[in-house]
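J.: Sharing a structure with you now.
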Amino acid sequence: MSTQQQEPEQPESQEAPEDPEMRGAESPVDEKEKQGGDIDQQTTPESELEEESVLIKVFRYDPEVEGKQEPRFDDFHVPFEKGMTVLDAVMYARDTYDSSLTFRHSCRQAVCGSDAFFVNGKQRLGCKTQIADLSQPIRIEPLPHQEVVKDLVVDMDHFYDQMHTVEPYFQNEETPDASDLEEQRQSRENREKVKMSTRCIWCGACMSSCNIAAGDNEYLGPAAINKAYRFAMDNREPADVKEHRLRILEQEHGVWRCQTQFSCTEVCPKDIPLTEHIQELKREAVKKNLKFW
Amino acid sequence: MYEHDVIVVGAGGAGLRAAVAADEAGADVALVSKLHPVRSHTGAAEGGINAALQEGDDWELHAYDTMKGSDYLGDAPAVETLAQDAPEDTIRLEHWGMPFSREDDGRVSQRPFGGLSYPRTTYAGAETGHHLLHVMYEQVVKRGIQVYDEWYVMDLAVTDEDDPNDRECHGIVAYDVQTGKVEGFKANDGVVLATGGPGQAFDHTTNAVSCTGDGHAMAYRAGAPLEDMEFIQFHPTSLPSTGVLISEGVRGEGGILYNNEGERFMFEYGYANNSGELASRDVVARAELTEVNEGRGVKDEYVHLDMRHLGEERIIDRLENILHLAEDFEGVDGLVEPMPVKPGQHYAMGGIETDENGETNISGLYAAGECACVSVHGGNRLGGNALPELIVFGKRAGRHAAGDDLGEPEIRTGYGDDVEDETDTELPVQPGNAGLDTAGGVAADGGVAADAEGVLEQTVERTRERVDTLMDKDDGVQHAEIRQKLQNAMTDYVNVFRTEEGIKKALRIIRECREEYQDVYVDDPSRTFNTDLQQTIETRNLIDVAETIALGALVRNEFRGAHWRQENQVRDDENWLKHTLISWEDGEPKIFYRPVILEGQDKTYEPKVRSY
Amino acid sequence: MSQSYNRGLIEDFGRWKEFSAGMWAWIFHKFTGWMLIGYLFTHIAVLSSALTGPEAYTNTIQGLESLFIIRVLEVGLLAVAVFHILNGLRLLMVDLGVGLEAQDKSFYASLILTGIIAVASVPTFMDGVTI
Amino acid sequence: MAERYSSFAPGGTAWLLQRITAAFLVVVLAFHFFLLHFVNHAADVTFAGTQARMENVGYFLTMVLFLIAGTFHGVNGVYNALINQGLEGTQKKVVLAVLVIASVGLIAQGIWVAIEMAGW
Ligand SMILES: Cc1cc2nc3c(=O)[nH]c(=O)nc-3n(C[C@H](O)[C@H](O)[C@H](O)COP(=O)(O)OP(=O)(O)OC[C@H]3O[C@@H](n4cnc5c(N)ncnc54)[C@H](O)[C@@H]3O)c2cc1C
Ligand code: HEM
Ligand code: SF4
Ligand code: F3S
Ligand code: FES
Numbered sequence: 001m002s003t004q005q006q007e008p009e010q011p012e013s014q015e016a017p018e019d020p021e022m023r024g025a026e027s028p029v030d031e032k033e034k035q036g037g038d039i040d041q042q043t044t045p046e047s048e049l050e051e052e053s054v055l056i057k058v059f060r061y062d063p064e065v066e067g068k069q070e071p072r073f074d075d076f077h078v079p080f081e082k083g084m085t086v087l088d089a090v091m092y093a094r095d096t097y098d099s100s101l102t103f104r105h106s107c108r109q110a111v112c113g114s115d116a117f118f119v120n121g122k123q124r125l126g127c128k129t130q131i132a133d134l135s136q137p138i139r140i141e142p143l144p145h146q147e148v149v150k151d152l153v154v155d156m157d158h159f160y161d162q163m164h165t166v167e168p169y170f171q172n173e174e175t176p177d178a179s180d181l182e183e184q185r186q187s188r189e190n191r192e193k194v195k196m197s198t199r200c201i202w203c204g205a206c207m208s209s210c211n212i213a214a215g216d217n218e219y220l221g222p223a224a225i226n227k228a229y230r231f232a233m234d235n236r237e238p239a240d241v242k243e244h245r246l247r248i249l250e251q252e253h254g255v256w257r258c259q260t261q262f263s264c265t266e267v268c269p270k271d272i273p274l275t276e277h278i279q280e281l282k283r284e285a286v287k288k289n290l291k292f293w
Numbered sequence: 001m002y003e004h005d006v007i008v009v010g011a012g013g014a015g016l017r018a019a020v021a022a023d024e025a026g027a028d029v030a031l032v033s034k035l036h037p038v039r040s041h042t043g044a045a046e047g048g049i050n051a052a053l054q055e056g057d058d059w060e061l062h063a064y065d066t067m068k069g070s071d072y073l074g075d076a077p078a079v080e081t082l083a084q085d086a087p088e089d090t091i092r093l094e095h096w097g098m099p100f101s102r103e104d105d106g107r108v109s110q111r112p113f114g115g116l117s118y119p120r121t122t123y124a125g126a127e128t129g130h131h132l133l134h135v136m137y138e139q140v141v142k143r144g145i146q147v148y149d150e151w152y153v154m155d156l157a158v159t160d161e162d163d164p165n166d167r168e169c170h171g172i173v174a175y176d177v178q179t180g181k182v183e184g185f186k187a188n189d190g191v192v193l194a195t196g197g198p199g200q201a202f203d204h205t206t207n208a209v210s211c212t213g214d215g216h217a218m219a220y221r222a223g224a225p226l227e228d229m230e231f232i233q234f235h236p237t238s239l240p241s242t243g244v245l246i247s248e249g250v251r252g253e254g255g256i257l258y259n260n261e262g263e264r265f266m267f268e269y270g271y272a273n274n275s276g277e278l279a280s281r282d283v284v285a286r287a288e289l290t291e292v293n294e295g296r297g298v299k300d301e302y303v304h305l306d307m308r309h310l311g312e313e314r315i316i317d318r319l320e321n322i323l324h325l326a327e328d329f330e331g332v333d334g335l336v337e338p339m340p341v342k343p344g345q346h347y348a349m350g351g352i353e354t355d356e357n358g359e360t361n362i363s364g365l366y367a368a369g370e371c372a373c374v375s376v377h378g379g380n381r382l383g384g385n386a387l388p389e390l391i392v393f394g395k396r397a398g399r400h401a402a403g404d405d406l407g408e409p410e411i412r413t414g415y416g417d418d419v420e421d422e423t424d425t426e427l428p429v430q431p432g433n434a435g436l437d438t439a440g441g442v443a444a445d446g447g448v449a450a451d452a453e454g455v456l457e458q459t460v461e462r463t464r465e466r467v468d469t470l471m472d473k474d475d476g477v478q479h480a481e482i483r484q485k486l487q488n489a490m491t492d493y494v495n496v497f498r499t500e501e502g503i504k505k506a507l508r509i510i511r512e513c514r515e516e517y518q519d520v521y522v523d524d525p526s527r528t529f530n531t532d533l534q535q536t537i538e539t540r541n542l543i544d545v546a547e548t549i550a551l552g553a554l555v556r557n558e559f560r561g562a563h564w565r566q567e568n569q570v571r572d573d574e575n576w577l578k579h580t581l582i583s584w585e586d587g588e589p590k591i592f593y594r595p596v597i598l599e600g601q602d603k604t605y606e607p608k609v610r611s612y
Numbered sequence: 001m002s003q004s005y006n007r008g009l010i011e012d013f014g015r016w017k018e019f020s021a022g023m024w025a026w027i028f029h030k031f032t033g034w035m036l037i038g039y040l041f042t043h044i045a046v047l048s049s050a051l052t053g054p055e056a057y058t059n060t061i062q063g064l065e066s067l068f069i070i071r072v073l074e075v076g077l078l079a080v081a082v083f084h085i086l087n088g089l090r091l092l093m094v095d096l097g098v099g100l101e102a103q104d105k106s107f108y109a110s111l112i113l114t115g116i117i118a119v120a121s122v123p124t125f126m127d128g129v130t131i
Numbered sequence: 001m002a003e004r005y006s007s008f009a010p011g012g013t014a015w016l017l018q019r020i021t022a023a024f025l026v027v028v029l030a031f032h033f034f035l036l037h038f039v040n041h042a043a044d045v046t047f048a049g050t051q052a053r054m055e056n057v058g059y060f061l062t063m064v065l066f067l068i069a070g071t072f073h074g075v076n077g078v079y080n081a082l083i084n085q086g087l088e089g090t091q092k093k094v095v096l097a098v099l100v101i102a103s104v105g106l107i108a109q110g111i112w113v114a115i116e117m118a119g120w
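In order, the protein sequence lines correspond to chains A, B, C and D.
Mapping the first sequence onto full-length UniProt numbering, position 119 (from 1) lands on 119, and the numbers just tick up by one.
Mapping the second sequence onto full-length UniProt numbering, position 565 (from 1) lands on 565, and the numbers just tick up by one.
Mapping the third sequence onto full-length UniProt numbering, position 69 (from 1) lands on 69, and the numbers just tick up by one.
Mapping the fourth sequence onto full-length UniProt numbering, position 87 (from 1) lands on 87, and the numbers just tick up by one.
So this is what it looks like as structure tokens:
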């Protein structure tokens, strides 16, 4: 990473105001804005050509630390570089100003699915979101509708449970012996059909954006349904397994709960057409029950 | 305390495969991983899995290519095992539902890859690793294997006999990232380390932030030697701000590299007058760095990779994902401007020394995947050879740990009568702990107790103390500062270009980092999801691992595979057909060499000039 | 979903400004659906005056229809029904997997059409009533 | 684990019926609106006029079907909406019972009114 440490001094603006009364979710922000503004005025004239900085407002919460038990937003001024992502910005803030700033991240290239945040009101992957594309100040919060563990870290257990509910593994007892080096055949068209659905990185953005999933804890949610789609539509699995999969999906809190809000499809960083997949499974389920379709 | 037969540390491709194999062998298995399995860096692999599947292809050709690619530093038994087992294990992935790309007749597709004499790279679009990782995790879910995710493994419970070869591993100590509690995990049959690469030792890498060489460091301090650590593969085209990989495909299609003066330097400056941009990875990487060093780099940092002349249609048709990568991660539109690229650390050929069964010199301790060195990649890994390594040696390590008989290994491990001691290299500073209490008051190396019973408890005690010490300190240095310093040193001096002076400088800086680490403290007082604490511990591991890389690079005065030395720019088969091994002896690295095994099952691989 | 603390407006409908087309469509469809079922119950109740006798029925209907406020409400009802129908058709298309890429545009189209139809119907509905 | 949602008849019958009634309602509702607001002005409705329409068996049946379809569609929609908000257990059963009783009542009342209108 080239986010260097020896950037010009920025205000250490992550501290909460002294007065505990001021620690409401919003009030410190105003306070900071003033500070940040002042400093900016001082520095802009000389360093106009040098670089701009961006203001990020990061949600902070820690059940154990006194000043953070009441959620608040902290402001950080991060020097901007071309190509900088939201993840780069929070990493810079952590490494430079406040090492207790906590968030999940790993691959930095949109494959591990760790860093889905709620950025300026939308679920996005931190590493895949260019700062330049956002309006400032940039508000970074943990995913809504999930319990917050600390700062930007949310509890993913419920998401994983739903993923596991759809029996997310290939089921075909009839595969040839691997030592014969004989693979199952699959047509290109069929692979193409499931291709998009196999790209899910379990980031949870879709689930967080869905109002139905928020209200109904048992709803499988778009990601799990998409996972089921990935297998149900794969011709390598025998017909009876597909039927078994549809039986899981067609239960009360399965596919029928989806109200085609499309927000899952809109936020998915892997561009998976989730709503389309869910709708197709609804039709498949009905078809299975109306043998004549 | 938790108890299982086999404990697998790390849940990337290698760890998951080991867990499934151990489960199939009847063991009660647990996976302990600092990331949820699907977050592992195996998911980033794009290219594919090498396996001789087609008619006309043959495992022997695969073995030959691998050996040649390794610049004759691979051990034949390992290389041949890889080539022999890869086809079956690849097909097994298919049976588990892996969505491989297909031919018209419905069979899996294979494509050509650098250094292969036959198109044998099996792939699933441009996201083979993602699919491999997910398919393996699905098998773990299917079998109901216990996963402890977001548990950070800090230490191994190893007995403390003087000779590391007599030590035994009885479990691990990990802390639950969510709650901060430190617990022991007893392993009745074995511990398999599958913690991935050490890419974070460098400032610029294609590896994930989680690739911090924890397994390397833990095994090393417990007494298992690290092998061939100096062999680090650098990829010539990674994006400067994140290290995201821009595949070779761009140059394959005709992409051109320019310096800041708009010169096509691969030709202008004669780095590769025949193949230009398509010269091998290390040649291109060195050319790029020379340009930057001589002041012809853009912003003194990178060069330009231009594909605009290919035309929008062709780019969108063949290189669409590259457009997205450049746009998403660098904010650059490849259709209207050239893309910035620079060399980035990509893969570590070396690792924890193991035999073909994945076992180290410490009984009950196994390693597999990128953290291990069996060694199949020797001086240089061929593209598409890491993923088969994960599944082949992951499987073998898992089975062997669970008690399956895989036969006597031919590769020997640990310090023994077949090794040669390092004698003549002069070190600039004393490496290793050298009397420093590196872990903030607790040394954390070697074993703790001779009896198998108490060892886990004592290791837990020691680890708790170590965490408490780090947490209790109120001021000092923060790990991020040390880590950055270390990474910069490695990138400046132990990168593509290696000179004796540079490496010595790096060793001095590493020593400084150790000293500074004495004063390290964790600012975040919370026990809940304390990533500050986790990273502080990782930084200690990085220091140890970086030091072995630099030491290996210093002693190996030749040019082999990915390792280039200014002083001796030729492959020196006379003196260097041997592995570099570094082991930790009471806080001091000991360097020795073990001859490479070039005798295969029925033929001997004669070193030839590596030219393609 | 259970919360370790109250994030208040961060969640749910406090974010209405950030809702996207599909979500608005969902909310409007819900709202109009509930209005319609509510109306259906009312409607049957009003028509039940027929049980008392023909005059009661005629008087009730004509009495109500002579009220300006009822006429306004009727236009509102029409708008509600038209939106629910148009968006309902949109949803039926979505169920059939047709035109999913245009889901936001079809929602906007439903809104605009509803407006036009509601306005166009005003003369008919307001015919012969005085304030 | 998969079979944990037990009290529900799977198969999406309700879902399908919701769509079928919707499709039916589009047609009938349009007809209804047109007839009673544009062809005949609502203000001019008299019992006699209504009776004249209702006496036609086809119209009568259409209106009854319209009522049944509308009620099912509306009530099922409301029920779904409540379930989506996470209604569970006894609450859910009570709501279902109330809704079923209300719809049966509505339909019965409606048919009775229609018969009265037709003057049979
Ligand atoms: C961008 C990129 C592209 C690549 N492309 C290819 C390719 O096309 N073909 C190919 O063959 N190879 C490729 N490789 C190489 C290959 O992907 C890696 O070598 C391989 O995936 C490593 O797998 P692993 O299982 O050893 O480790 P990883 O997948 O990195 O997994 C490491 C695991 O260990 C866990 N872990 C680490 N430390 C701890 C700890 N202290 N406590 C608990 N758990 C821990 C992590 O949570 C993780 O689960 C590529 C690599 C990169 C970076
Ligand atoms: C005339 C054509 C109509 C069409 C095409 C139509 C279409 C639909 C559709 C497709 C849904 C399902 C939405 C979903 O589950 O995602 C729905 C829901 C609903 N409809 Fe209709 N409908 C029509 C008329 C009516 C009428 C006359 C009523 C009132 C009696 C009504 C009341 C409802 C209600 C209450 C809902 C549930 C709304 C919610 O989700 O909260 N609809 N409609
Ligand atoms: S479907 Fe898309 S948004 Fe949902 S978890 Fe998968 S990748 Fe993330
Ligand atoms: S947002 Fe929710 S309602 Fe359906 S279309 Fe997506 S799952
Ligand atoms: S860091 Fe892996 S998806 Fe963003």
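Using N, Cα and C, we set each Cβ at its ideal position, and we do this for glycine too.
(1) Within 8 Å of any Cβ in chain A, is that where the Cβ of VAL341/B sits?
(2) Three or more C-beta pairs closer than 8 Å, one from the region 250-270 of chain B and one from the region 305-324 of chain B: is that the case here?
(3) Taking DSSP's pairing of strands, which residues face LYS195/A in a bridge?
(4) List the residues of chain C that GLY89/D touches, going by C-beta distances under 7 Å, in chain order.
(5) Under 7 Å: does the beta carbon of TYR302/B sit that close to some heavy atom of ligand 1?
(6) Quick one: which chain A residues come within Cβ less than 8 Å of THR26/C?
(7) Tell me the DSSP secondary structure of residue 634/B in three-state form.
(8) Name, please, each residue of chain C whose Cβ falls closer than 7 Å to the Cβ of GLU116/D.
(9) Anything in chain A within Cβ reach of GLY86/D, meaning under 7 Å, just list it in chain order.
(10) Indicate the three-state DSSP secondary structure (helix, strand or coil) for GLU141/A in the structure shown.
(11) Per DSSP, what are the beta-bridge partners of SER583/B in this structure?
(12) Identify each residue in the region 232-256 of chain A for which the Cβ-Cβ distance to at least one residue of chain F is less than 8 Å, and report them in chain order.
(13) Any Cβ of chain C within less than 8 Å of the Cβ of GLN279/A?
(14) Taking LEU96/D as the query, report the chain A residues whose CB atoms sit under 9 Å from its CB, ordered along the chain.
(15) Residues of chain B with a CB under 7 Å from the CB of PHE170/A: which are they?
(16) Would you check whether ligand 3 has a heavy atom nearer than 7 Å to the C-beta of LYS270/A?
(17) Between the region 185-203 of chain B and the region 483-491 of chain B, do three or more beta carbon pairs fall short of 8 Å?
(18) Between GLU516/B and the rest of its own chain, which residues show a CB-CB distance below 6 Å, the 5 nearest in sequence each way excluded?
(19) Quick check on the DSSP output: the alpha helix (DSSP H) that includes PRO123/C runs from which residue to which?
(20) Exposed or buried, ASN274/B, counting other C-beta atoms within 10 Å across all chains shown (16 or more means buried)?
T.: In short, the structure shows the following:
(1) no
(2) yes
(3) DSSP, once it has assigned bridges, lists no residue as partnering LYS195/A.
(4) None at all; the shortest Cβ gap to chain C is about 16 Å.
(5) no
(6) The residue you asked about is not Thr; residue 26/C is Trp in the sequence shown. Neighbours of TRP26/C on chain A, chain order: ASN211, GLN259, THR260 and GLN261.
(7) Because chain B in this structure spans residues 1 to 612, residue 634/B falls outside the shown range and cannot be described.
(8) ALA50 and LEU51
(9) GLY215, ASP216 and ASN217
(10) strand
(11) LYS590/B
(12) Judged by its chain identifiers, the structure shown contains no chain F, and its protein chains are A, B, C and D.
(13) yes
(14) Per Cβ cutoff of 9 Å: no residues; LEU96/D is ~12 Å from chain A at best.
(15) TRP96, GLY97 and GLU138
(16) yes
(17) yes
(18) VAL477 and ILE482
(19) 103-126
(20) exposed
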